[in-house]
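Comments concern the structure below.
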Amino acid sequence: MQALTADEAFLSERGSGWIEQVFSRAVNLYLPAQQRLMTLLCEDYDNAPNSSRLALTHFDGLFRPGEPVQFHPSGILVGEDKWLDTTSCQRWQPTTPQLSGERFRQIPWQQWCEVIHQQLQDNQTLFLWRGDNPFYQAIALALQQRRQTLFNALLQGREITSAVANMVGLGIGLTPSADDYLVGLSTILFIDGHPAQHYRNDFYSALAVARENTTQLSAITLEAAFSQRYRESIFGFINGMINEPTRFSIQGYCQY
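In structure tokens, the structure reads:
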């Protein structure tokens, strides 16, 4: 099996572990010493952190959960009979978005916020839940209250760690959970040059405190978002938003 592309973290890995999860077009590899997940993706997926795209259209019948995995300089041995060659793999090196003070002021944040709210309908997100399900009602109320607490903490510049920690894991398994919200929020807040970038360490501290409240995969996703490591399509989204704010269509993304 041939690896097409991979990021630096994937190509420099030399640990061992096992296959944690197998899906039709993605396979998660768990490395216990590093407490890290690496991911194999099919060729039609976009690049992502800690991942490699393989020259395959699906993984059906190829891998089994629990199979041992060993990373080597030239590839990955899976089980006793599968070799993933990385010798000719292209290194994926995304351009890190940067935001100047002038560009920050040019971006129509409020206008985009209004467009997003116009696109959303009741019950399309837990944050706007209006149904009769008492469980969803309770989660929606908790999400709204804790989000407001986080907003207040960010505006005042204090008690941010506790506000973030109280959101980690809330509504996990539902869409969107508080973790999903934190991923999206940090994608914007921690762009290099954003005025709130210096709160990054507060978010890291919150995750360290509340890590046990969420799943391993969600915690890893949060860490990646805090450090501005996300999928190739998200890099495209952020770069378009920053570099071409007058041509960038938030409506198109909302409809998608």
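418 is the number of the first residue of the sequence shown in this note's numbering; add one for each residue after it. Glycine residues also receive a C-beta, built at the ideal position from the N, C-alpha and C atoms.
Within 8 angstroms, strictly: CB atoms of P511 and D609 = Taking the first residue of the sequence shown as 1, we reach residue 511 at position 94. Taking the first residue of the sequence shown as 1, we reach residue 609 at position 192. No, these two residues do not count as a Cβ contact at 8 angstroms.
key: Cβ pair V600, A559 closer than 8 angstroms   = Counting from 1 along the sequence shown, the entry for residue 600 is found at position 183. Counting from 1 along the sequence shown, the entry for residue 559 is found at position 142. Contact: no.
inquiry  = So, with DSSP's three-state summary, where would you put R520?
reply    = As a first step, residue 520 is located in the sequence shown; it is residue number 103 there, counting from the start. Here R520 sits in helix by DSSP.
query = By DSSP, does L558 sit in helix, in strand, or in coil?
reply = On the sequence shown, residue 558 is found 141 positions in, with the first residue counted as 1. Of the three classes helix, strand and coil, the one that applies to L558 here is helix, per DSSP.
query = Out of curiosity, what's the CA-to-CA distance linking A443 and L421?
reply = Position 26 of the sequence shown, counted from the first residue, corresponds to residue 443. Position 4 of the sequence shown, counted from the first residue, corresponds to residue 421. Cα-Cα distance, rounded: 14 angstroms.
message = Taking the alpha-carbon of I524 as reference, which of R563, I605 and A625 has the nearest alpha-carbon?
response = Numbered from 1 along the sequence shown, position 107 holds the residue referred to as residue 524. Measuring from the Cα of I524, the nearest candidate turns out to be I605.
ask   = Going by beta carbon distance, what residues of the same chain come within less than 6 angstroms of E425, once the five residues before and after it are set aside?
value = Residue numbering aside, residue 425 sits at position 8 when the sequence shown is read from its first letter. No residues qualify anywhere along the chain.
Candidates M658, R646, I556 and S650: closest to P466 by CA position = Position 49 of the sequence shown holds residue 466. The candidate whose alpha carbon is nearest that of P466 is R646.
ask   = Where A636 and L446 are concerned, what is the direct C-alpha to C-alpha distance, given to the nearest angstrom?
value = The residue labelled residue 636 in the question sits at position 219 within the sequence shown. The residue labelled residue 446 in the question sits at position 29 within the sequence shown. If I take the Cα positions, the gap works out to 15 angstroms.
inquiry  = With H, G and I counted as helix, E and B as strand and the rest as coil, what does DSSP make of N656?
reply    = The residue given as residue 656 occupies position 239 in the sequence shown. Of the three classes helix, strand and coil, the one that applies to N656 here is helix, per DSSP.
message = In whole angstroms, give me the CA-to-CA distance for I655 and R522.
response = Counting from one through the sequence shown, the residue named residue 655 turns up at place 238. Counting from one through the sequence shown, the residue named residue 522 turns up at place 105. Taking the straight line from one Cα to the other gives about 15 angstroms.
Buried versus exposed, by CB contacts within 10 Å (16 or more), W509 = By 1-based counting over the sequence shown, the position of residue 509 is 92. The residue in question, W509, is buried, as its Cβ has 16 or more Cβ neighbours within 10 Å.
key: Proximity of L457 and L471 at Cβ, strictly below 8 angstroms   = Here residue 457 corresponds to residue number 40 of the sequence shown, with the count starting at 1. Here residue 471 corresponds to residue number 54 of the sequence shown, with the count starting at 1. Yes, these two residues count as a Cβ contact at 8 angstroms.
request  = Use the C-beta contact count for I533: other C-beta atoms within 10 angstroms, 16 or more gives buried, fewer gives exposed.
outcome  = Residue mapping note: residue 533 aligns to position 116 of the sequence shown, counting from 1. Looking at its Cβ environment, which holds fewer than 16 other Cβ atoms inside 10 Å, I533 is exposed.
ask   = Just how far apart, CA to CA, sit P612 and G588?
value = Indexing the sequence shown from 1 puts residue 612 at position 195. Indexing the sequence shown from 1 puts residue 588 at position 171. Each residue's alpha carbon lies about 29 angstroms from the other.
key: Where I436 falls: helix, strand or coil (DSSP)   = The residue given as residue 436 occupies position 19 in the sequence shown. Residue state, collapsed to three classes: strand.
Beta-carbon contacts of S594 that lie in its chain and below 7 angstroms, excluding the five residues immediately before and after = Along the sequence shown, read from residue 1 onward, the residue named residue 594 stands at position 177. Same-chain partners within the cutoff: L587 and G588.
request  = Tell me, to the nearest whole angstrom, how far the beta carbon of D619 is from that of I577; I am working on the premise that it is less than 8 angstroms.
outcome  = For the purposes of this step, residue 619 is taken as the residue at position 202 of the sequence shown. For the purposes of this step, residue 577 is taken as the residue at position 160 of the sequence shown. Confirmed, Cβ separation roughly 4 angstroms.
query = Would you report the Cα separation of M418 and G432, rounded to the nearest angstrom?
reply = In the sequence shown, residue 418 corresponds to position 1, counting from 1. In the sequence shown, residue 432 corresponds to position 15, counting from 1. Taking the straight line joining both Cα atoms gives about 19 angstroms.
request  = Along the beta strand (DSSP E) that carries T456, what are the first and last residues, could you check?
outcome  = Locating residue 456 in the sequence shown gives position 39, where the first residue counts as 1. Unbroken beta strand (DSSP E) run through T456: R453 to L458.
query = What residue from A580, D461 and D477 has the CA that sits closest to S650's CA?
reply = Taking the sequence shown and counting its residues from 1, the one referred to as residue 650 is at position 233. Of the listed residues, the one whose Cα sits closest to S650 is D461.
request  = Keeping to the same chain, check which residues put their C-beta closer than 7 angstroms to that of S622; ignore five residues upstream and five downstream.
outcome  = Indexing the sequence shown from 1 puts residue 622 at position 205. The answer, listed in chain order, is T578.
message = Just to confirm before moving on: does the CB-CB distance between A627 and A582 stay below 8 angstroms?
response = In the sequence shown, counting from the first residue as 1, residue 627 sits at position 210. In the sequence shown, counting from the first residue as 1, residue 582 sits at position 165. For A627 and A582, yes; Cβs fall inside 8 angstroms.
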